[in-house]
Amino acid sequence: MKDHDTLEHRLTQQGISRRSFLKFCTAMASLMALPPGTAPAIAAALAQAKRPSVIWLSFQECTGCTESLTRSHSPTLESLIFDMISLDYHHTLQAASGFAAEKSREDAMKDFYGKYLLLVDGSIPTKDNGIYSTIAGRTNLDLLQEAAKGAAAIVAVGSCAAFGGLPMAKPNPTGAAPVSDLIKDKPIINISGCPPIPSVITGVLAHYLTFGELPALDELGRPKAFYGETIHDRCYRRPFYDQGKFAKTFDDEGARNGWCLYELGCKGPTTHNACATTKWNGGAGFPIEAGHGCLGCSEPNFWDAGSFYTPLAAPTSNIGAIAGAAALAGAAAAVALSAADRAKKKSLQQTHEKLTVKDISN
Amino acid sequence: MTQTVVVDPITRIEGHLRIEAETDAEGRITQASSAGTMVRGIEIILRGRDPRDAWAFAQRICGVCTLVHGIASVRAVEDALKYEIPANAQLIRNLMIAAQYVHDHVMHFYHLHALDWVDVVSALKADPKATSQLAQMVSPSYPRSSPGYFADVQKKVKTFVEGGQLGIFANGYWGHPAYKLPPEANLMALAHYLDALTWQRDVAKLHTIFGGKNPHPNFVVGGVPCAISVHPEHKGHGKGPHYRGGEAATSLNMVGLQNVKNIIEQMRTFVDQVYVPDTLAIAGFYKDWGKQGEGVGNFMTYGDFPEKGMSDPSSYLIPSGVILNRDLSTIHPVDLHDENQIQEYVSHSWYKYSGGKDKGLHPYAGETEFNYTGPKPPYEHLDTAKDYSWLKSPRWKGKAMEVGPLARVLMLYAKGHEPTKELVGMTLKKLDIPVPALFSTLGRTAARTLETKIIADAMMTWYDNLIANIKAGDVRTFNETKWDPSSWPAVAKGAGFMEAPRGALAHWVVIKDGKIDNYQAVVPSTWNAGPRDSQGQDGPYEAALKGHKLHDPKQPIEILRTIHSFDPCIACAVHVTNPDGEELVKVKIK
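Protein chains in written order, with this note's numbering: chain A, 152 to 513; chain B, 571 to 1160.
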């Protein structure tokens, strides 16, 4: 790699002014909720950066996470792969196949040993010696362990890689496991979601590339900048929740008025993600805005947390992480409590099943 | 000397696919074996769950053709419960499915398939002025065609290549003699590769407006979850809880509807001005691919895009049927409920059947268990005389079927659909190739482009109908009558089908006491990528590869061209599987 091959140099060559570059850095700083003074630091870091090598391994996945990556409006996939990283191995996007593809992976692992970033999507089957998923005749576990050795850090993209996801849902037929269960000696960032929000994937990468260190993570390994709050706390329908105004079906008056979807099973109160603030697909909306409750897809084991249409059984004030916020809300909490009780009764009648706080908060 | 060429992983597809091909002394493929090497067991995971939740699980079969399994799933449950959905919900589903086609096919062409035909490195040698002239000749109406534009793209790529880090373009078969495009055509296609990336991000918003996000938009059994927050009787005054329309309500407000319209226009513009002209221009250099890569010669569609509901097949835009041995004069009817028509075989798959491995089973009676008999990883070769894939082999009346764009275009053509006949006629004329050239790798890729246009053109009608309904005061999007499981029969079974971008897709569900008792999906890539059956009949991929001559077995670009022309989706293809014995017992507890 040549010395002049820095990001700023490349951008200048492409006719992008320093001013636009700084604007981009400011946008990044704001996206990651960093103090305004951070923008010059980002600019300085990016201007120096050579493109770090990224190896992306796909295991038991549906490619939804890669598709999501391509939908990122800022930074875009193009700017990511042309200007920010060197995406040296990625099944869905790379030109080479077979032997030539494997060579790209092997070269990157050797040339950038200790420095490359390893991205993983999909869970890893561990049952029966891993025969449930192989690439080039090798098991996913074998490939993961090999690539993890020389990785500077690992990013588990999507709920399958982060928490086991759908393949791990009961009864977990293939013994699927998340990355963090199998690799213990490397820093791991979990970018959960099914799939994760496009700009969250690229935003976390930009953070790492800018500062050369992991962003602050929550207890589940997720970047706090994006997973620090619940969807419920940031939801534009929250005022209706506080007023006790709920949609009862998918196209009643309440639904058309944009009332709270709590009684239709929305898992927003227990789900930590940035959907309500960052939104999806360039701000076009997010699930609750389009009328369907949150599935809770960025939380571990959400597939086994009861029906998507069963209202949360307990008022949100009882659920540990956000207890403080609800207690402050006083009167609102009282309304919520009675609504929750009604919802619980109704749901239990409807589904004949018992749902506990544990089901939705683990 | 004969040899076995192994391509694993096949990249630029969804999922994990391996091809092993035997070649003769001349490097010609005599036998090919297609192996799916990943399995999750989603069907077993679905057992015992609420059928209304199934769409979300099933949708995760695939995130590329995101939505198709969600749609097939809600339709299966609705078929089982005889659950009608409102007209608006039907129109919105049509728009979402159509948007998936346009988005998916364009991305397949530029981001997954193009690099088999387009040499990125050669683009560096192009003259931007000549490229501009070429682009304006190929598509006079597309505005991004100035010499400066192509010079910028070239500079970007040049800087990238000279930096020495080729990233996703590393180790491609650049310079291979099979690449026939002049440098200018390569540069034009490369520019459109980048344009398409930008375009797809914007048009994906149609799913976000109706379904909240993309990938994996939301659905609901009984309709669509997006309430329409616009009503002509309301003026939208005030911002209180009675406020309708505008940002405070749902994303399907007047702004959202207008955005949907804009997106449809944006889709049509790109298809008309870029995708169709590029396909024809590139195909002109690869006419010899109109003579190979056919496959089994049998084609099947289930039909989709109802004007009046799934119960009225006569209102489908894409008709259903089977074409045998290229005979377009006879269309055989398909019945998904008939236990003698669609059956799955496991003769060369890593599963067991209790009645013996040579039997075929209809999905309602689907019964399988994992039975891996392949080599212990790491392995060099699979034993393709025995079991070699996680895919099953679906057959219609015992015959292998190709599904997908080529099947659909042939079906529309055979049924005399005027716009299709016109488009096919124009394509054959422009390329100066005969009708049989459709039965090929080139024909399959061209069919994908043509059907994208047919479907994109149909979208505005559905949009107009939706607006007309709203104007007339009909804002229903959901039918609540059968939402409550206590209204369901004790036992119900149904089949939900659709035409996914990759081909005919169906889910079969058996509901008992409000829970899923059995769930089976037979998906397009299983039809196309499945292994040989008990009769030794090849699956479509395997048949299509026969006779391909490999210029250099170390750079098997010929295999990639034909396999990519099917647009493999392997996570879909091995969605499934039933439990092994041990797990079955656990599930039954529920």
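Even glycine gets a Cβ: it sits at the ideal position worked out from N, Cα and C.
Ends of the beta strand (DSSP E) at residue i?
i, result
"Tyr915/B", "Ile912 to Tyr915"
"Met870/B", "Phe869 to Thr871"
"Arg1046/B", "Where Arg1046/B is concerned, there is no enclosing beta strand (DSSP E), given that its DSSP letter is neither H nor E."
"Gly606/B", "Ile599 to Gly606"
"Phe875/B", "Asp874 to Pro876"
"Tyr240/A", "Ser237 to Tyr240"
"Ser963/B", "Ser963 to Trp966"
"Gly891/B", "Gly891 to Ile893"
So, is residue i buried or exposed, given that buried needs 16 or more other C-beta atoms within 10 angstroms?
i, result
"Lys805/B", "Below a pLDDT of 50, predicted positions are generally treated as unreliable, and Lys805/B, at 49, falls in that range; the measurement from the model is reported next regardless. That one is exposed."
"Glu1069/B", "buried"
"Ser515/A", "Only positions 152 to 513 of chain A appear in the structure, and residue 515/A is not among them; the question remains open."
"Pro747/B", "exposed"
"Ser924/B", "exposed"
"Val1005/B", "exposed"
"Leu587/B", "buried"
"Thr1031/B", "exposed"
"Pro1059/B", "exposed"
"Pro713/B", "exposed"
"Thr871/B", "buried"
"Ala1038/B", "exposed"
"Gly585/B", "buried"
"His951/B", "exposed"
"Gly1161/B", "The question about residue 1161/B has no answer, for chain B in this structure spans 571 to 1160."
"Val577/B", "buried"
According to the Cβ coordinates, are residue i and residue j closer than 8 Å?
i, j, result
"Ala441/A", "Gly782/B", "yes"
"Val672/B", "Ile1025/B", "yes"
"Ser204/A", "Asp234/A", "no"
"Ala693/B", "Asn756/B", "yes"
"Ala456/A", "Val351/A", "no"
"Trp960/B", "Met666/B", "no"
"Asp279/A", "Tyr719/B", "no"
"Lys1063/B", "Tyr886/B", "no"
"Asp272/A", "Cys311/A", "yes"
"Ile286/A", "Ile339/A", "no"
"Ser230/A", "Asp620/B", "no"
"Leu685/B", "Gly742/B", "yes"
"Ala984/B", "Ile893/B", "yes"
"Ile738/B", "Ile232/A", "yes"
"Met661/B", "Asn1035/B", "Strictly speaking, residue 661/B in this sequence is Leu, with Met absent from that position. Result yes, Cβ atoms of Leu661/B and Asn1035/B sit closer than 8 Å."
Assuming the contact rule is C-beta atoms closer than 8 Å, residue i and residue j should be a hit. Round their C-beta distance to whole Å, please.
i, j, result
"Pro795/B", "Phe401/A", "5 Å"
"Ile580/B", "Pro1138/B", "7 Å"
"Ile583/B", "Ile1140/B", "7 Å"
"Gly419/A", "His383/A", "4 Å"
"Val723/B", "Ala761/B", "4 Å"
"Pro1071/B", "Arg1014/B", "Contact flag wrong, Cβ pair sits at about 13 Å."
"Tyr921/B", "Arg617/B", "Actually they are not in contact, since the Cβ atoms of Tyr921/B and Arg617/B sit about 17 Å apart, beyond 8 Å."
Which chain C residues sit within Cβ distance under 7 Å of residue i?
i, result
"Ser237/A", "The structure shown contains no chain C; its protein chains are A and B."
From the DSSP secondary-structure annotation, give me the bridge partner or partners of residue i.
i, result
"Asp272/A", "Ser209/A and Val308/A"
"Pro374/A", "Leu368/A"
"Gly1064/B", "Val1079/B"
"Arg588/B", "Ala605/B"
"Leu931/B", "Glu914/B"
"Tyr267/A", "Ala302/A"
"Val790/B", "Gly793/B"
The alpha helix (DSSP H) with residue i in it runs from where to where?
i, result
"His639/B", "Val638 to Leu651"
"Trp1097/B", "Pro1094 to Ala1099"
"Leu294/A", "Asn291 to Lys300"
"Ile1037/B", "Thr1011 to Lys1041"
"Pro1110/B", "Pro1110 to Leu1115"
"Tyr886/B", "Note, Tyr886/B: premise wrong, no alpha helix (DSSP H); beta strand (DSSP E) at Tyr886 to Ile888."
"Arg256/A", "Gly249 to Asp262"
"Thr729/B", "Pro717 to Glu732"
"Gly826/B", "Met824 to Phe840"
"Gly405/A", "Glu404 to Arg407"
"Asn756/B", "Pro753 to Val773"
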